[in-house]
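Residue numbers (the numbering used here): 164 to 266.
We treat Cβ as the ideally placed atom computed from N, Cα and C, and that holds for glycine.
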């Protein structure tokens with residue numbers, strides 16, 4: 164994996180994996196916020212607990228990583244972790260704003 168790939172996957176892990184995970188669990192547990200993703204609510208049977216949400220996060224990251232490996236090396240391949248980083252950043256910031264409003 165080239166260094167740019169590693170940087171993008173590191174950013175994706177921090178933003179999508181850790182940032183969204185922590186702010187979602189904190190919001191659901193502490194601030195009484197409901198999970199906004201209907202697919203996550205459906206799979207987890209309501210608001211996800213820390214364990215079930217961790218499993219969902221790991222599975223989704225694994226699927227994105229599989230898509231990354233299927234693509235040929237080049238710009239298109241880099242879009243996968245870049246998009247995941249963008250998505251993770253957006254939902255983490257959104258979660259933080261919702262938690263602040265509820266606190």
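| Check | Outcome |
| --- | --- |
| Of the listed residues 216, 251 and 238, nearest to residue 168 (C-alpha basis) | 238 |
| Residue 196 in three-state terms, based on DSSP | coil |
| Residue 201 classed as buried or exposed, judged by whether at least 16 other C-beta atoms fall within 10 angstroms | exposed |
| Chain-order list of residues whose beta-carbon lies under 7 Å from that of residue 255 (same chain, five-residue window excluded) | 178, 182, 183 and 186 |
| Rounded straight-line distance, which links the Cα of residue 249 to that of residue 257 | 12 Å |
| Element boundaries [alpha helix (DSSP H), containing residue 214] | 213-233 |
| Collapsed DSSP secondary structure at residue 236 in the structure displayed | coil |
| Buried versus exposed, by CB contacts within 10 Å (16 or more), residue 165 | exposed |
| Residue 206 to residue 189 span [Cα, whole Å] | 19 Å |
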